[in-house]
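Residues 0 to 425 (numbering that gives the first Met the number 0) are what the sequence shown spells out, left to right.
Beta carbons are placed, not taken as given, at the ideal position from N, Cα and C, and that holds for glycine.
Report on one structure; see the data block that follows.
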Amino acid sequence: MITRKRLAARACGLFAALAVGLFPASATAADGPTAKEPPKVDLVLDVSGSMRANDIDGGSRMAAAKQAFNEVIDAVPAEVQLGIRTLGADYAGDDRTLGCKDTKQLYKVGPLDRTEAKTAVATLAPTGWTPIGPALLGAAQDLEGGKATKRIVLITDGEDTCAPLDPCEVARDIAAKGIHLVIDTLGLVPDAKTRAQLTCIAEATGGTYTSVQHKAELSGRVRQLVDRAADPVVNPVATEGAKQCEGAPQLKAGLYSDRETFGEHRWYRVDVLPGQELRASVSIGADRAVNNDYGVLLRATTVHGREIVRGSEAGDGRTDVLSTGLRYPKADTGDDSDSDAKPAAETVCLQISNSFSAPASVKTTPGMPVELTIDLVDGPDSASDAAAFGLGRGWWTLAVLVLAGLLAGLVWGWISRWRISVWRTN
Numbered sequence: 000m001i002t003r004k005r006l007a008a009r010a011c012g013l014f015a016a017l018a019v020g021l022f023p024a025s026a027t028a029a030d031g032p033t034a035k036e037p038p039k040v041d042l043v044l045d046v047s048g049s050m051r052a053n054d055i056d057g058g059s060r061m062a063a064a065k066q067a068f069n070e071v072i073d074a075v076p077a078e079v080q081l082g083i084r085t086l087g088a089d090y091a092g093d094d095r096t097l098g099c100k101d102t103k104q105l106y107k108v109g110p111l112d113r114t115e116a117k118t119a120v121a122t123l124a125p126t127g128w129t130p131i132g133p134a135l136l137g138a139a140q141d142l143e144g145g146k147a148t149k150r151i152v153l154i155t156d157g158e159d160t161c162a163p164l165d166p167c168e169v170a171r172d173i174a175a176k177g178i179h180l181v182i183d184t185l186g187l188v189p190d191a192k193t194r195a196q197l198t199c200i201a202e203a204t205g206g207t208y209t210s211v212q213h214k215a216e217l218s219g220r221v222r223q224l225v226d227r228a229a230d231p232v233v234n235p236v237a238t239e240g241a242k243q244c245e246g247a248p249q250l251k252a253g254l255y256s257d258r259e260t261f262g263e264h265r266w267y268r269v270d271v272l273p274g275q276e277l278r279a280s281v282s283i284g285a286d287r288a289v290n291n292d293y294g295v296l297l298r299a300t301t302v303h304g305r306e307i308v309r310g311s312e313a314g315d316g317r318t319d320v321l322s323t324g325l326r327y328p329k330a331d332t333g334d335d336s337d338s339d340a341k342p343a344a345e346t347v348c349l350q351i352s353n354s355f356s357a358p359a360s361v362k363t364t365p366g367m368p369v370e371l372t373i374d375l376v377d378g379p380d381s382a383s384d385a386a387a388f389g390l391g392r393g394w395w396t397l398a399v400l401v402l403a404g405l406l407a408g409l410v411w412g413w414i415s416r417w418r419i420s421v422w423r424t425n
């Protein structure tokens, strides 16, 4: 389910993408330009025995999947490298150990030979177990190497039968590696347990889950996901925050990803020049069951620990993503006496904290996914801008409130004395 907060988080990602496109010299966290690699997609198909069921438009689930694969293979964009992996396609016995190893690469990820790929799919027949966890591990290996956009599309009609290798935990481990691999899941006529498991897998990597009841839905959704892999995206740069500002990673404008455990604080550093405005936002994904009442805090402080500005957001109940942001404009010095001298930058410390908690049965590792967006723009010119005036920086707010209280007290005292004098006169 896509929530408003998830839409807000994606809007922040889009803003970062636009910033990178408009300001290539300063808005990328990479050291230099790199050639664009072709996107990679690995289609993972469940070929277990349950795929024989005839409940999709009068035909079997396997027939619907084959038709969808053929249509997708015909429509794959030329720049996409496609691969196909199966699970439960070969072993039909009762040995659980063998059944849970039954996953193989049917078609290697690479430039697509449409005839060869269709021939490979045509040979498939519903056979064995449902080792989703091992299949996801295998698909991640299929996509190893390079910095291209990577996507796994999992199509299955049932939950994993090879626990304790929990596929949701496998997906979290894949996401924690920082390789920016997205897993999308599609459930064929799913029950509640299958739906919950596939949703968990998708959310762990920022992917999507879709329930499928008809052939046209399956074909259309798989094609949409493959096409999405070909769209240009900004891949977050993996980083690791420090326990305190001293020794924290120095970040430039860009999009970054990290992991944060429950109740943790992480620090990062950003240099802000006079006349610039720092705009930062953070999103933390609740990729597992969490307790009610939680929040996320983003603070900007000086290197000496004085708070400059903060942003926070709280929630109560189930959510997918919690986001907040802040703005910090650094005043221009206005000193033009030496135009050749580079103005000194101020180092701003950014602290990301969360108050998430979870039941004892929930694993706390790896930490929850964190996405941090940093942008440096020209500061506001007008003092009418609240950020330029300083509201929200703490001391300005306090001074305004004190002054307003003092004036209100003086006026009220004068009115009270006047009313008393009138009463005595009458």
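Supposed contact pair residue j and residue i - C-beta distance, whole angstroms, cut 8 Å
i    : j    : result
P133 : C167 : With a Cβ gap of about 14 Å, P133 and C167 do not count as contacting.
A147 : P38  : 5 Å
G274 : D331 : 4 Å
D159 : D45  : D159 to D45, Cβ: 10 Å. No contact.
G186 : V211 : 6 Å
D41  : D165 : D41 to D165, Cβ: 20 Å. No contact.
Under 8 Å between C-beta atoms of residue i and residue j
i    : j    : result
I351 : Y327 : no
T126 : A91  : yes
R278 : V376 : yes
I154 : I182 : no
A237 : P248 : no
L81  : V43  : no
I373 : V269 : yes
R171 : G137 : no
V369 : A299 : no
L224 : A64  : no
A88  : Y106 : no
T323 : G310 : yes
S354 : V289 : no
I283 : L325 : no
V188 : D54  : yes
D286 : M367 : yes
V281 : L297 : yes
I173 : T204 : yes
R113 : I178 : no
Q66  : K214 : yes
Span of the alpha helix (DSSP H) around residue i
i    : result
D172 : P166 to A175
I151 : First-last for I151: K149 to T155, but that is the beta strand (DSSP E), not the alpha helix (DSSP H).
T96  : R95 to G98
For residue i, the three-state DSSP class (helix, strand or coil)
i    : result
L142 : coil
N234 : coil
G470 : This structure does not reach residue 470, given that the chain is present from 0 up to 425, and the question cannot be answered.
I419 : helix
L123 : coil
A116 : helix
I178 : coil
A134 : helix
S25  : Here the model assigns S25 a pLDDT of 37, short of 50, so the residue's position is not dependable and the matter cannot be decided.
D375 : Contrary to the premise, residue 375 reads as Leu rather than Asp in this sequence. In this structure, L375 counts as strand in the three-state DSSP scheme.
V401 : helix
V369 : strand
G92  : coil
V410 : helix
T129 : coil
T184 : strand
G294 : strand
Distance cut-off 7 Å: residue i Cβ against heavy atoms of the ligand SAH
i    : result
D156 : No copy of the ligand SAH appears in this structure; indeed no ligand is present at all.
N- and C-terminal bounds of the beta strand (DSSP E) containing residue i
i    : result
G109 : T102 to G109
G324 : V320 to P328
V347 : E345 to N353
T85  : Q80 to L86
Alpha helix (DSSP H) segments (min. 4 residues) lying fully within the segment 232-284: none
Please specify which runs of the beta strand (DSSP E), each continuous and at least 3 residues long, are wholly inside the segment 186-234, giving them in chain order. 208-211
Can you list the alpha helix (DSSP H) stretches of 4 or more residues lying completely in the segment 35-76, in chain order? 60-74
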